[in-house]
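Chains as they are written, first to last, in this note's numbering: chain A, 1 to 226; chain B, 1001 to 1134.
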């Protein structure tokens, strides 16, 4: 019996507030309506906390989304989305980002069976596909600005650059995070803290794909509708 | 929850409660989930692009079709990639998601609704422009 255990018993012999049984307060508790409950595992709590952050991020994106939806007609005599957007590019970007999200999922499976090689390999694929997406987007922005369709030209273009650019910025930061995670997995291995960071990275990357679904539907495809 | 119970037994005095999870050992099940998700997402994406490209659909129906396909795809992403499920350990995630959807619907729906009516009630631009000093 460890010292901590003895102290614990002396302070709280009946484990008040620690469920019904078990040492270290880990006994089974009764979660109303859910049968046997208990303290949620750290992984569940980490995921929940990060999910709250992601939802707040989604709410922020929804503001840009609303701004775009309202200002899409305000072209001020400049180019409209229909004239600017290239379908092949949107399709390629969508494919890259979806494949990247899938690769991130495979990396998570590899992590769950503690395979260093496959985790790193799939994280690498995730990063390369994400970089391809980012390259196409940067090229698109540059070509718009070269055509004179810069953010200051019209309300539509301001909203477009702000919304799509904000997503692009998230992807950029995600790539930095991804590189950091690959280095951390390499150096520190599959520690609990690293596993939780990988979980959060996965949630982040998949959420960016969800936001992209909204972007390619409303920004790009709907602009092509007569 | 039973794997948590085991941990608090004899062999784990060095970790805090709830830190370790039993690793999921089934590669097949994991990969299968992601493959199903990818397949459905590709189908829905292809359908979205198809709806815009084809001229077989009555044009006013296209935006509605696009929204329906996008919502379906977001659902697929949530279930197969983000693993938001109806399991008891996911209740809090579901509640947070429901709140997020509420806020997003208020922000987007409210903005579009209000600004649409504002535009409707504005004086037409060709009457406004001559009135301005030039």
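Just so you know, even glycine gets a beta-carbon here, dropped at the ideal spot from N, CA and C. Just so you know, these numbers come straight off a predicted model, no measurement behind them.
For a test of the three-state rule: what should DSSP assign to residue i, helix, strand or coil?
i                       : result
residue 1122 of chain B : coil
residue 196 of chain A  : helix
residue 190 of chain A  : coil
residue 219 of chain A  : helix
residue 118 of chain A  : helix
residue 148 of chain A  : coil
residue 207 of chain A  : helix
residue 225 of chain A  : coil
residue 29 of chain A   : Note that residue 29 of chain A scores 49 on pLDDT, short of 50, meaning its location in the model is unreliable and no value can be drawn from it.
residue 1141 of chain B : Chain B is shown from 1001 up to 1134; residue 1141 of chain B falls before or after that span and cannot be answered.
residue 81 of chain A   : helix
residue 1087 of chain B : coil
residue 39 of chain A   : coil
residue 154 of chain A  : coil
residue 86 of chain A   : coil
residue 1039 of chain B : helix
residue 1098 of chain B : helix
residue 24 of chain A   : The pLDDT assigned to residue 24 of chain A is 44, lower than 50, so where the model puts this residue is not dependable; a value taken from the coordinates is nonetheless given after this. Residue 24 of chain A falls in the helix class under three-state DSSP.
residue 162 of chain A  : helix
residue 1045 of chain B : helix
Closest to residue i by C-alpha separation, out of the options, would be which residue?
i                       : options                           : result
residue 125 of chain A  : A:101, A:144 and A:190            : A:101
residue 71 of chain A   : B:1114, B:1026 and B:1106         : B:1114
residue 230 of chain A  : B:1041, B:1075 and B:1089         : Outside the shown range of chain A, which is 1 to 226, sits residue 230 of chain A, and nothing can be said about it.
residue 145 of chain A  : A:134, A:132, A:160 and A:133     : A:160
residue 51 of chain A   : A:222, A:200 and A:223            : A:200
residue 88 of chain A   : B:1050, B:1058 and B:1093         : B:1050
residue 46 of chain A   : B:1103, B:1102, B:1093 and B:1100 : B:1093
residue 1111 of chain B : A:154, A:63, A:182 and A:49       : A:63
residue 164 of chain A  : A:184, A:153 and A:218            : A:218
To the nearest angstrom, report how far apart residue i and residue j are at their CA atoms.
i                       : j                       : result
residue 1135 of chain B : residue 66 of chain A   : The structure shown does not extend to residue 1135 of chain B, since chain B spans only 1001 to 1134, so no value can be given for it.
residue 1083 of chain B : residue 80 of chain A   : 38 Å
residue 1095 of chain B : residue 130 of chain A  : 30 Å
residue 1022 of chain B : residue 208 of chain A  : Because residue 1022 of chain B carries a pLDDT of 48, less than 50, the predicted location of this residue cannot be relied on, and the following value inherits that uncertainty. Cα-Cα distance, rounded: 28 Å.
residue 168 of chain A  : residue 105 of chain A  : 20 Å
residue 29 of chain A   : residue 41 of chain A   : Interpretation of residue 29 of chain A is limited by its pLDDT of 49, a score under 50 that renders its predicted location unreliable; the figure taken from the coordinates is listed afterwards. Each residue's alpha carbon lies about 13 Å from the other.
residue 196 of chain A  : residue 1074 of chain B : 24 Å
residue 1106 of chain B : residue 1038 of chain B : 30 Å
residue 1041 of chain B : residue 1121 of chain B : 41 Å
residue 214 of chain A  : residue 58 of chain A   : 11 Å
residue 90 of chain A   : residue 220 of chain A  : 7 Å
residue 170 of chain A  : residue 134 of chain A  : 10 Å
residue 1173 of chain B : residue 151 of chain A  : The shown model of chain B, from 1001 to 1134, leaves out residue 1173 of chain B, and the question about it has no answer.
residue 1070 of chain B : residue 1077 of chain B : 10 Å
residue 216 of chain A  : residue 162 of chain A  : 15 Å
residue 1081 of chain B : residue 1098 of chain B : 18 Å
residue 127 of chain A  : residue 55 of chain A   : 23 Å
residue 121 of chain A  : residue 149 of chain A  : 39 Å
residue 172 of chain A  : residue 1109 of chain B : 29 Å
residue 86 of chain A   : residue 147 of chain A  : 14 Å
residue 1045 of chain B : residue 116 of chain A  : 32 Å
residue 224 of chain A  : residue 1058 of chain B : 14 Å
residue 69 of chain A   : residue 113 of chain A  : 44 Å
residue 187 of chain A  : residue 181 of chain A  : 10 Å
For a contact defined as C-beta to C-beta under 8 Å, what are the partners of residue i on chain B?
i                      : result
residue 126 of chain A : The premise fails here: residue 126 of chain A is roughly 12 Å from chain B at the closest Cβ pair, so nothing lies under 8 Å.
residue 98 of chain A  : 1038, 1041, 1042 and 1045
residue 70 of chain A  : 1111, 1112 and 1115
By the criterion of Cβ-Cβ separation under 7 Å, what are the contact partners of residue i in chain B?
i                      : result
residue 135 of chain A : Chain B residues near residue 135 of chain A: none, gap ~20 Å exceeds 7 Å.
residue 48 of chain A  : 1092 and 1093
residue 102 of chain A : 1034 and 1038
residue 65 of chain A  : 1108
Residue i versus chain A: which residues are under 9 Å apart at the beta carbon?
i                       : result
residue 1031 of chain B : 105, 106 and 109
Specify whether the region 66 to 76 of chain A and the region 173 to 181 of chain A touch according to this definition: at least 3 beta carbon pairs, one from each stretch, less than 8 Å apart. no
Closer than 8 Å is the cut-off here; do at least three beta carbon pairs connect the region 187 to 194 of chain A with the region 204 to 224 of chain A? no
Is it true that the region 208 to 225 of chain A meets the region 88 to 99 of chain A, where meeting means three or more beta-carbon pairs spaced less than 8 Å apart? yes
Pairing CB atoms from the region 1059 to 1067 of chain B with CB atoms from the region 130 to 143 of chain A, are three or more of them under 8 Å? no
Below 8 Å, can you find three or more Cβ-Cβ pairs linking the region 1033 to 1051 of chain B to the region 103 to 123 of chain A? yes
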